[in-house]
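First comes the structure, then the notes that go with it.
2 protein chains.
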Amino acid sequence: MKKIFFVFFLFFYNNILHAENGYDLWLRYLPVENQLLLSEYRSHISALIFPGNTAISGSAREELVSGITAMLKKKPVPAESVLSNGTLIAGTASRIEKIYKVSADDLKAAGEEGFIIRSVLINNRKCIVITANSDKGVLYGSFYFLRLLQTRQAINSLKVVTAPQLQLRMLNHWDNLNRTVERGYAGFSNWNWHMLPTYMDKRYRDYARANASVGINSTVLTNVNANATILTPEYLRKVAALADLFRTYGIRVFLTARFSAPVEMGGLPTADPLDPAVQQWWKNKADEIYKLIPDFGGFLVKANSEGQPGPQNYNRTHADGANMLADAVAPHKGIVIWRAFVYSNEVPEDRHKQAYNEFVPLDGKFRQNVLIQVKNGAIDFMPREPFHPLFGAMPKTQMMMEFQLTQEYLGQGTSLVFLAPLFRETLESDTWRNGKGSTVEKVIDGSLQTQTFNGMAGVTNIGNDINWCGHPFAQANWYALGRLTWDMKVIPEQIADEWLKMTFSVEEKFLAATKKIMLESRDVILQYSMPMGLHHLITYGSHYGPAPWVDKGARPDWTNVYYHKADSAGIGFNRTASGSNAIGQYAPEVQQSWSNPETCDEKYLLWFHHISWTHKMKSGRTLWEELCYQYYTGAERMKNVQNEWAKLKIYVDKDRFEQVTMLLQVQYEEAIWWRNSCVLYFQTFSKMAIPAGYEKPDKTLEYYKSLKFPFAPG
Amino acid sequence: MKKIFFVFFLFFYNNILHAENGYDLWLRYLPVENQLLLSEYRSHISALIFPGNTAISGSAREELVSGITAMLKKKPVPAESVLSNGTLIAGTASRIEKIYKVSADDLKAAGEEGFIIRSVLINNRKCIVITANSDKGVLYGSFYFLRLLQTRQAINSLKVVTAPQLQLRMLNHWDNLNRTVERGYAGFSNWNWHMLPTYMDKRYRDYARANASVGINSTVLTNVNANATILTPEYLRKVAALADLFRTYGIRVFLTARFSAPVEMGGLPTADPLDPAVQQWWKNKADEIYKLIPDFGGFLVKANSEGQPGPQNYNRTHADGANMLADAVAPHKGIVIWRAFVYSNEVPEDRHKQAYNEFVPLDGKFRQNVLIQVKNGAIDFMPREPFHPLFGAMPKTQMMMEFQLTQEYLGQGTSLVFLAPLFRETLESDTWRNGKGSTVEKVIDGSLQTQTFNGMAGVTNIGNDINWCGHPFAQANWYALGRLTWDMKVIPEQIADEWLKMTFSVEEKFLAATKKIMLESRDVILQYSMPMGLHHLITYGSHYGPAPWVDKGARPDWTNVYYHKADSAGIGFNRTASGSNAIGQYAPEVQQSWSNPETCDEKYLLWFHHISWTHKMKSGRTLWEELCYQYYTGAERMKNVQNEWAKLKIYVDKDRFEQVTMLLQVQYEEAIWWRNSCVLYFQTFSKMAIPAGYEKPDKTLEYYKSLKFPFAPG
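Just so you know, the sequences run in chain order P and H. Residues 8 to 721 (the numbering used here) are what the first sequence spells out, left to right. Residues 8 to 721 (the numbering used here) are what the second sequence spells out, left to right.
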């Protein structure tokens, strides 16, 4: 009987949820079904005291009231003083001081943006206090508290004191002004520039809410491949409309600066950063911007990279360029974020080494309001990269992290890949620059080298698809980035658990199965696409799908043979001292651990070494056998993911279940495509048979080479 | 007390609807609130007999059951025989003949696609029968029946027998394969070609449902500015996946054919339609398509127009080109739709005349499976055009109508403009080709000239915005097109009434106010943008906003001075015998009514005549005064629309209310912009003052001329 009821319940549950379209992200605030927990929650939150009339406190109060009301199916009674048990008190310490005196230690620990949530007794009444030094802290605390309810945590004995580990918790949008999104796989850009500022899409507020809920406080609205038009008065008014709204959720707006803007729109003959007229132009532009947007964050700049203009066009350094912009925004407390992703067409050097070569000599030459934004690895957001050698190598330079949420090299819009393990892997990496334990995390948060500013950015995966990110599971990467910017030590399992509970279901069986899928997902795609340190094997231009055979491109490092270097002897990029010696850019201890192919972690083997096809791996297999093993195992695991997901039908609303089911089928087909393409192609070098037991590819290498994707998105 | 309750009800109603995002279009199936009506409905629909296991009957049954269940909050009991009053019987006549014998007259009247809905007595039980000759007819009947409930009609005495007036009830998508939409103002294309065929977006089914609900049975998936890639085997498999789904809602798929495809993808040296190899290539391509899509509709072709390749590249005629393609699809019962929108760069003739000059000599030369698709007017979807002179001028040629739903020249994505009055105005126009009463409608439906095929197409306004069409009221134009393809005599008020009830609210006060807004909306935009026959005053390229001053373009008829011909003497395009004599392409009676500026309907005055600034209008005002009157009155009326909408807050869910409010503000600002730009610009010719009583523009003509919109959508 109980089981029948349960099945009926699930059927009903499934049905009432049939209209889920993913738009609400992880802020669904579904009613608490467990009646015991519900009455427990209600007893703790029957009344609400929430003083404050700032815009930010309004955002927090509205979220708290609507979230609690939805989940508890009961609106907390507005109150001004504690009259009963179960009063929730939210507000800055100064606003609530007549009701509750917050401890100075707590406030010190919370800092400017953190918050405190405590179960307390006031006049012998059991209360919960959400407080902070700032309204922004209270906003974050409110979202945190809602998350406790959403994830069905106990709230009878709360002792939370938390502050963000990083200051700039940032999204980078690669959104063009015509609403296309570079490397975007979720539709058009959400920024409807044409209709701004008068028409404010509802999405703008919901975007801000989602960001605030995970602590994201900065957003760069425009593509790093920049367009100067964004700096025209008309467009700045549009930007200001967004900034006005985002400010009410604690978010500051940044823009990308087209380095040649003084020429393109200012009519100057040069954009030379040492030219006084150019400097004045940028100062004036900054003044104009800050008049409209007093808390404007500053500029993000991609210069002298992939065709973008920059200071080197005038024989100046990156420091010259960055400092000029930094001086323009400094009077307004603005900052300049300068990307380290530079490589030159003319330099025949291993791309891996170019950023380091370019930037290390500039250490100490950047203004105090300049941050260098470094990608997690030296190539370009590969599914796996060793940490970027710049981390820890510029002790006198402020450095922030650039991760990529949009899955340019990780299956794009079709693949379920949870990126938190990738992010954590980089953050945990030990640079050894200050001895053992000099992790990338410590470089980033400034504990290894003092920084005035620190931060982490994620290149977003957001578009105007109904569910924002295209793949229903891609939302998890937006969520993960936010959580890690607040606390780089949160483990991926925790992030997945929270996100799944809020986004899909709190059912234990569902959680166990989907967490496993998410946590293994990046390993799976690595195995079937670029195992053992192989990288950059994607289609030219669109980067969609496998094309290890690409040997022609606008530049050598835009081909794929450049990266895998397969030949009759073996495969892999020798980056040791006998090769490009990119490895020489790391600390000696790191060099040592990677230099010897016999001891190098096999996950980086072909990244740093050219290895013989017959090389014995730790598994006992030859390299060729291991390569086949990895490709076949990866594809096989994708089949298993499909089977596991199929079992979860009763836990998921119809639309999202079917959507994920179809996407997993696409991903499985892509896994086979990757496996077959790579095995057949590398076989032309190894001249070895695919080991027994593996089914032979049913199509030829020529077939795979013939595939064309002229309209792949992004 | 009653009033308080009412206000409370509206507040509640408003609140429960707060999550409306427009995705459900006019298929919301909200519960019936009127308890009397609800019990009446329930008594008539307590049981359902719906035999049939075809895919289409499955679609109809699913819609009927879910729609009824939602509106009546009660699921009809499935039955196999009539046991009680209130049984709804749906199915083809042959499927239900053991239960109910449908009259032969009814079936004859319903024809292949029509349907019958009747209240009947069966074994003394009151029943309702939805029946037809085909499953498709039953599908349409089911949607019709649901509409009766949605619009809260009485269903106690139903006697409906209806058949569509047109065979091809069609949408034309100007969607590119990269998902941009030409002249699209509602986001990206919904066709996610990249993820098809494995990933089927939920939108595909809902798109099909919406079309079927208004009788649309054909869709051209691709832009008339065509890309041959759609004809590759890989893309045809994607098309087939859509066709397989759409077929279950009675919709056939068409594609645009790139005339040069045999060269571009076939490797032939020519695309000459008389070349046997070219003919064979198209025959093979057609065979290939029909193998994948047995009910493929055929091709839509834009040839030798605006840079598209065509038969004239090989000194062949449009008939040669169309017939070649027609022969290729004829064995499969396919058709070719050939667009008459042609004009040449090299021909100095008034664009108004070019299609007529080109096509009339070809009358009788087209195959029986060719339809010529003619825009409503000869220029290009202006807010108002006299009917196209081709209508009625080619008695031996099958002609279909092309309307534009996407508001390229009617305010694009920002403006509330209901187009049914525009469509009706064209359809009612009398061509006089067969004496009085030879309306365009009669040309189109073939009653004036026998046609094997007939049809009407709308260039869609659909994109991937959550609400499909961008502006919440733009959905009404999709709806209107569908309704008019079924019955060209449905009056705009009826269409607006149905659509509003289903899309927004059945409250009488709301309906009265919004119907007025909708029905006047096209007049309003005409007044403030292109009154009295002025046309083509839009920005170069984007067509966004006013730019009557454009005097340079890639060709003379891509400028605006070409169309308004303002000078110190007056304004307007002399198309009489003393001018371009475009008027000479109409029947003598029509020529007579328009030729004399004293008697010509003032709405066409400047379309056909160059008129002196001091010309006395019927109003007693001079032309210049009248021009100012129109511009100022139009803008003033937009302000009134804003005021009227503001009063409707209690009837509309929060999100859509605010959305429309903001859009009306944008539109009002645009009205002022149009008014000021045009009055200031034309004043440079008239040299006359803006009449007293009108506020002077607060910006200069130079200001308006300086505005740039490099990223206007579409």
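Heads up, the beta-carbon is just placed ideally off N, CA and C, and yes, glycines get one too.
Residue i: contacting residues in chain P (beta-carbon distance under 7 Å)
i, result
"H:MET207", "MET669"
Amino acids of chain H, ordered along the chain, whose beta-carbon sits closer than 7 Å to that of residue i
i, result
"P:VAL673", "MET202, THR205 and TYR206"
"P:ASN185", "PHE718"
"P:PHE253", "Result: empty, since nearest Cβ-Cβ is about 18 Å, beyond 7 Å."
"P:ASN567", "Within chain H, no residue comes near P:ASN567; the closest Cβ sits about 21 Å away, beyond 7 Å."
Span separating the alpha-carbon of residue i from that of residue j
i, j, result
"H:SER50", "H:LEU95", "11 Å"
"P:MET408", "P:LEU262", "18 Å"
"H:LEU714", "H:ASP574", "24 Å"
"H:ALA481", "H:GLN411", "12 Å"
"P:GLY465", "P:TYR547", "24 Å"
"H:ALA733", "P:LEU518", "In the structure as shown, chain H starts at 8 and stops at 721, and residue 733 of chain H therefore has no counterpart that could be examined."
"P:PHE150", "P:LYS143", "11 Å"
"P:VAL497", "H:ASP387", "60 Å"
"H:PRO717", "H:PRO390", "24 Å"
"H:LYS10", "H:TYR658", "Model confidence at H:LYS10 stands at a pLDDT of 45, short of 50, so the residue's coordinates are unreliable and nothing is read from them."
"P:GLY444", "P:THR438", "8 Å"
"P:GLU104", "P:ILE162", "23 Å"
"H:LYS209", "P:GLU356", "48 Å"
"P:ILE653", "P:ASN185", "Reading off the sequence shown, one finds Ala at residue 653 of chain P, where the question assumed Ile. Approximately 40 Å between the Cα atoms of the pair."
Whether residue i touches residue j by CB criterion (7 Å)
i, j, result
"H:ARG346", "H:GLN380", "yes"
"P:ALA97", "P:ILE123", "no"
"P:GLY552", "P:TYR611", "no"
"P:ILE75", "P:ILE106", "no"
"P:ALA427", "P:ILE545", "no"
For residue i, the nearest candidate out of the options (CA to CA)
i, options, result
"H:ILE129", "H:ILE123, H:ASN197, H:ALA116 and H:VAL109", "H:VAL109"
"P:PHE253", "P:HIS550, P:LEU228, P:THR277 and P:THR263", "P:LEU228"
"P:ARG644", "P:LEU634, P:TYR675 and P:THR629", "P:TYR675"
"H:PHE195", "P:GLY470, P:ARG628, P:LYS245 and P:GLN666", "P:GLY470"
"H:GLN42", "H:PHE460, H:ARG159 and H:PRO280", "H:ARG159"
"H:ALA362", "H:GLY371, H:TYR350 and H:LYS372", "H:TYR350"
"P:ALA54", "P:LYS656, P:LEU90, P:SER436 and P:ASN364", "P:LEU90"
"H:TYR256", "H:LEU146, H:GLN287 and H:GLY444", "H:LEU146"
Contact set between residue i and chain H, taken where Cβ atoms lie within less than 8 Å
i, result
"P:THR421", "MET202 and TYR206"
"P:PHE480", "Those do not exist, as P:PHE480 stays about 14 Å from chain H at its closest Cβ, beyond 8 Å."
"P:PHE366", "Correct list: empty, because the minimum Cβ distance to chain H is about 34 Å."
Within chain P, partners of residue i - CB distance below 8 Å
i, result
"H:PHE664", "In chain order: nothing, as chain P lies at least about 12 Å away."
"H:THR236", "PRO717 and PHE718"
"H:GLU676", "THR205"
"H:VAL474", "Checking the sequence, you will find Asn at residue 474 of chain H rather than Val. Going along chain P, no residue has its Cβ under 8 Å from H:ASN474, so there is no contact; the nearest lies around 10 Å."
Contacts that residue i makes with chain H (C-beta to C-beta distance below 9 Å)
i, result
"P:ILE679", "Those within 9 Å of P:ILE679 in chain H number zero; the least Cβ separation is about 12 Å."
"P:PHE460", "Within 9 Å Cβ-Cβ: nothing; P:PHE460 doesn't reach chain H, min ~32 Å."
"P:PHE1", "Lying before the first or after the last residue shown, residue 1 of chain P is absent from chain P, which here runs from 8 to 721."
"P:ASN484", "Ordered by position in chain H, no residue passes the 9 Å Cβ test against P:ASN484, which lies about 19 Å from the chain."
"P:ASN650", "Correct list: empty, because the minimum Cβ distance to chain H is about 17 Å."
Any chain A beta carbon closer than 7 Å to residue i
i, result
"H:ASN230", "The structure shown has no chain A; the protein chains it does contain are P and H."
Where residue i meets chain P, residues with beta-carbon distance less than 9 Å
i, result
"H:ASN647", "Within chain P, no residue comes near H:ASN647; the closest Cβ sits about 19 Å away, beyond 9 Å."
"H:GLY552", "Result: empty, since nearest Cβ-Cβ is about 11 Å, beyond 9 Å."
Please identify, using Cβ separations under 7 Å, the residues of the segment 61-76 of chain P that lie next to chain H, in order along the chain.
Listed by position, the residues of the segment 61-76 of chain P near chain H (Cβ gap below 7 Å) amount to none.
For the segment 251-281 of chain H, list every residue whose C-beta sits within 7 Å of some C-beta in chain P, in sequence order.
Against chain P - using a Cβ distance shorter than 7 Å - the segment 251-281 of chain H contributes no residues.
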